[in-house]
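A.B. asks: According to my numbering, the sequence shown is numbered sequentially starting from 111.
Below is one structure. I have some questions about it.
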Amino acid sequence: MARVVPFFMITCLAWKYVQAEVTSYHVIFSAECTPYMDWQSVGLYHSWKKSGQPGKFTRLLSCSQESLKDYKWLNIMPTHVHPPMNTHHKGDWYPPYNLPGSVLHWVTHNASDSAGSEWVIKLDGDMVLRKPLTVEELNVQKGNPIGAMYGYLIGAHNGMADMFMDKEHQNFLSKVGGWELMHIDDLRTIAPLWLEYTEKVREHRASWHLTGDNFMTKQRPKPWISEMYGFIFSLALSKIKMREDGDHMIYPGYTPWSPTSADANVLHYGLQLKVGDYEWDKHSWSREDMLACPGKTFPLPPTVESLKGTPHEPKSKNIQRGYEISYECLSMLNEALEAHHKRYCKNWRKPSNADDPRISIRGGGAPSPNKAWR
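Given below as structure tokens:
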């Protein structure tokens with residue numbers, strides 16, 4: 111006689127399978143326990159919850175034991191704390207050490223957290239996640255990860271890499287950064303090399319002029335993008351070829367260049383954006399405690415509708431879509447801030463900050479509906 115399995119057992123087994131599938135992804139990003147990073151962290155976490163991205167989410171937080179004593183926002187999202195590494199290497203002040211340092215600390219000291227995830231999505235704090243990043247959509251396999259293409263990493267192919275590796279390993283170099291989707295085993299493999307080669311690039315004076323870093327000065331001659339080279343060198347030295355993707359992320363303020371970029375999975379607001387007379391730059395808010403009560407939000411860009419009949423009316427559908435993306439990005443950040451304020455600020459009311467001197471605004475009204483890129 112065939113064995114009859116109760117329906118509830120089938121349901122439970124199916125649910126466990128679904129849970130296993132859901133938790134196989136893990137989104138991580140690096141942050142510091144500062145007001146500037148706090149509002150970005152809240153924005154990213156909120157967008158992750160809304161995006162439908164399966165799996166878990168962890169903030170890798172650089173924070174000293176002394177700072178933790180007065181830090182208010184430790185428990186507002188899943189967080190792994192590690193010691194600050196800003197000056198960890200020979201007193202070299204370089205905050206981006208925290209990124210490879212935090213990843214290495216996470217995979218080394220929080221094995222139970224990282225072990226439960228097969229695929230890791232590394233994002234930057236100044237990002238908004240619009241849609242899930244999945245191995246199926248992006249055709250990712252173990253040993254064959256994917257990341258955003260960063261063309262300015264010219265040191266991958268201009269002779270700079272000769273100072274750090276042989277020709278065989280250079281065949282595995284890719285110009286990638288920003289967001290990456292990779293197998294946890296690949297991340298564990300590269301983590302120590304990522305930090306090690308970030309240190310080496312910071313020390314290798316003869317290589318600095320080949321990095322393509324436009325922000326070096328006589329006062330600060332070491333490349334700010336050393337960490338990005340540490341990352342791509344660690345991949346190459348591990349013989350892991352990361353595929354360059356140029357479509358699934360867009361900077362708000364940019365005009366979409368393809369149907370995929372017009373409906374990008376990731377918005378990266380690392381650069382100044384402009385819509386009409388409106389300008390917004392995250393760096394202008396670096397000293398503002400956006401999470402402190404009574405609570406603040408950002409002035410929004412003008413809508414497409416409000417620009418009609420003005421000199422700034424978009425001249426094409428893809429320019430219009432670029433404006434809509436900027437509006438969506440700031441709206442998501444404000445939505446995250448408002449949710450935070452409603453929870454932590456008593457009798458919170460939405461502020462009116464249209465006269466903020468850091469912003470010039472033209473227009474208003476409701477945002478126009480998203481339209482297909484053309």
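C-beta: ideal position from N, C-alpha, C; glycine also.
Note that the structure is predicted; figures quoted are calculated from it, not measured.
Pair every Cβ in the region 307-318 with every Cβ in the region 334-343, then say whether three or more of these pairs are closer than 8 Å.
C.D. replies: As far as the Cβ criterion goes, the region 307-318 touches the region 334-343, which means the pair count is three or higher.
A.B. asks: Leaving out five residues before and five after Val286 in sequence, what residues of the same chain have Cβ atoms less than 7 Å from its Cβ?
C.D. replies: If you number the sequence shown from 1, residue 286 lands on position 176. So the list reads Gly257, Ala258, Met259, Tyr260, Ile342, Met352 and Glu354, once near-sequence residues are dropped.
A.B. asks: If you draw a straight line from the alpha carbon of Tyr146 to that of Arg397, how long is it in whole angstroms?
C.D. replies: Position 36 of the sequence shown, counting from 1, holds the residue named residue 146. Position 287 of the sequence shown, counting from 1, holds the residue named residue 397. The alpha-carbon atoms of Tyr146 and Arg397 are separated by roughly 6 Å.
A.B. asks: Which value, in whole angstroms, describes the spacing of the CA atoms of Ala359 and Pro194?
C.D. replies: Here residue 359 is taken as the residue at index 249 of the sequence shown, counted from 1. Here residue 194 is taken as the residue at index 84 of the sequence shown, counted from 1. Strictly speaking, residue 359 in this sequence is Met, with Ala absent from that position. Answer to the nearest angstrom: the Cα atoms are 29 Å apart.
A.B. asks: Quick check: is the beta carbon of Tyr361 nearer than 8 Å to any beta carbon in chain B?
C.D. replies: The chain labelled as chain B is not found in the depicted structure, where only one protein chain is given.
A.B. asks: Please tell me whether, using a cut-off of 7 Å, the distance from the CB of Glu246 to the nearest non-hydrogen atom of the ligand FMN is below it.
C.D. replies: This structure simply doesn't include the ligand FMN, nor any ligand for that matter.
A.B. asks: Can you check which of these residues, Val238, Val217, Ser140 and Trp183, is closest to Gln163 by C-alpha distance?
C.D. replies: Numbered from 1 along the sequence shown, position 53 holds the residue referred to as residue 163. Of the listed residues, the one whose Cα sits closest to Gln163 is Val238.
A.B. asks: First and last residue of the beta strand (DSSP E) that includes Lys452?
C.D. replies: What you label residue 452 is simply residue 342 of the sequence shown in a count that begins at 1. Unbroken run through Lys452 is the alpha helix (DSSP H), Lys427 to Tyr454; no beta strand (DSSP E).
A.B. asks: Can you find at least 3 beta carbon pairs, one from the region 217-229 and one from the region 417-437, that sit closer than 8 Å?
C.D. replies: No contact exists between the region 217-229 and the region 417-437.
A.B. asks: Would you mind working out which of Glu309, Tyr155 and Leu170 sits nearest Glu142, comparing C-alpha positions?
C.D. replies: Here residue 142 refers to the residue found at position 32 when the sequence shown is read from its first residue. The shortest C-alpha separation from Glu142 is found at Leu170.
A.B. asks: Go through its chain and collect everything with a Cβ distance to Gly211's Cβ below 8 Å, but skip five positions before and after it.
C.D. replies: For the purposes of this step, residue 211 is identified with residue 101 of the sequence shown, where counting begins at 1. Excluding sequence neighbours, Gly211 sits near Ser172, His192, Met195, His198 and Leu305.
A.B. asks: Among all the DSSP beta bridges, which residues are the ones paired with Trp304?
C.D. replies: The count along the sequence shown starts at 1 and reaches residue 304 at position 194. The partner list for Trp304 (beta bridge, DSSP) is empty, contrary to what the question assumes.
A.B. asks: May I ask you to verify whether the region 400-407 touches the region 420-431, counting CB pairs closer than 8 Å and requiring at least 3?
C.D. replies: Touching, no, given that fewer than three Cβ pairs across the two stretches are closer than 8 Å.
A.B. asks: Do the CB positions of Asn375 and Arg459 come within less than 8 Å of each other?
C.D. replies: By 1-based counting over the sequence shown, the position of residue 375 is 265. By 1-based counting over the sequence shown, the position of residue 459 is 349. Taking 8 Å as the Cβ cut-off, Asn375 and Arg459 do not qualify as a contacting pair.
A.B. asks: With DSSP as the reference, label Ser284 as helix, strand or coil.
C.D. replies: If you number the sequence shown from 1, residue 284 lands on position 174. Three-state DSSP puts Ser284 in coil, outside helix and strand.
A.B. asks: Mind listing, in chain order, the continuous alpha helix (DSSP H) runs of no fewer than 4 residues lying wholly within the region 316-402?
C.D. replies: You should have 336-347 and 369-372.
A.B. asks: Counting beta carbon pairs with one atom in the region 291-305 and one in the region 202-219, are three or more of them shorter than 8 Å?
C.D. replies: The answer is yes - the region 291-305 touches the region 202-219, with three or more Cβ pairs under 8 Å.
A.B. asks: Comparing alpha-carbon positions, which option in Ala271, Pro206, Gln175 and Phe139 lies nearest Thr168?
C.D. replies: Translated into the one-based positions of the sequence shown, residue 168 becomes position 58. The option with the nearest alpha carbon to Thr168 is Phe139.
A.B. asks: Out of Gln150, Ser348 and Ser157, point me to the one whose CA is closest to Met275's CA.
C.D. replies: As a first step, residue 275 is located in the sequence shown; it is residue number 165 there, counting from the start. Comparing Cα-Cα distances from Met275 to each of Gln150, Ser348 and Ser157, the minimum goes to Ser348.
A.B. asks: Taking the beta strand (DSSP E) that His190 belongs to, which residues open and close that run?
C.D. replies: The count along the sequence shown starts at 1 and reaches residue 190 at position 80. Start and end: Thr189 to His192.
A.B. asks: Would you tell me roughly how many angstroms separate the C-alpha atoms of Gln382 and Trp390, rounded to the nearest one?
C.D. replies: Taking the sequence shown and counting its residues from 1, one reaches residue 382 at position 272. Taking the sequence shown and counting its residues from 1, one reaches residue 390 at position 280. Straight-line Cα distance between these residues: approximately 6 Å.
A.B. asks: Can you check whether the CB of Pro412 is closer than 8 Å to the CB of Gly386?
C.D. replies: As a first step, residue 386 must be located in the sequence shown, where it is residue number 276. As a first step, residue 412 must be located in the sequence shown, where it is residue number 302. Yes, the Cβ-Cβ distance between Gly386 and Pro412 is below 8 Å.
A.B. asks: Under a Cβ-count criterion, where at least 16 other Cβ atoms within 10 Å of its own Cβ denotes burial, should Tyr379 be classed as buried or exposed?
C.D. replies: By 1-based counting over the sequence shown, the position of residue 379 is 269. The residue is buried, with at least 16 neighbouring Cβ atoms inside 10 Å.
A.B. asks: Based on the DSSP secondary-structure assignment, which residues constitute the bridge partners of Lys489?
C.D. replies: Residue coverage of the chain in this structure runs from 111 to 484, which leaves residue 489 outside it and unanswerable.
A.B. asks: Measure the alpha-carbon distance for Lys332 versus Lys452 and round it to whole angstroms.
C.D. replies: Here residue 332 refers to the residue found at position 222 when the sequence shown is read from its first residue. Here residue 452 refers to the residue found at position 342 when the sequence shown is read from its first residue. If I take the Cα positions, the gap works out to 43 Å.
A.B. asks: Could you check how far apart the C-beta atoms of Val152 and Ala446 are, in whole angstroms? I think they sit under 8 Å.
C.D. replies: Walking along the sequence shown from the start, residue 152 turns up at place 42. Walking along the sequence shown from the start, residue 446 turns up at place 336. Rounded, the Cβ-Cβ distance is 5 Å, consistent with contact.
A.B. asks: In terms of residues, what are the limits of the alpha helix (DSSP H) holding Ser151?
C.D. replies: On the sequence shown, residue 151 is found 41 positions in, with the first residue counted as 1. Start and end: Pro145 to Ser161.
A.B. asks: Going by Cα to Cα distance, which pick from Lys392, Asn254, Leu345 and Tyr181 is closest to Ala266?
C.D. replies: Position 156 of the sequence shown holds residue 266. Closest by alpha carbon: Leu345.
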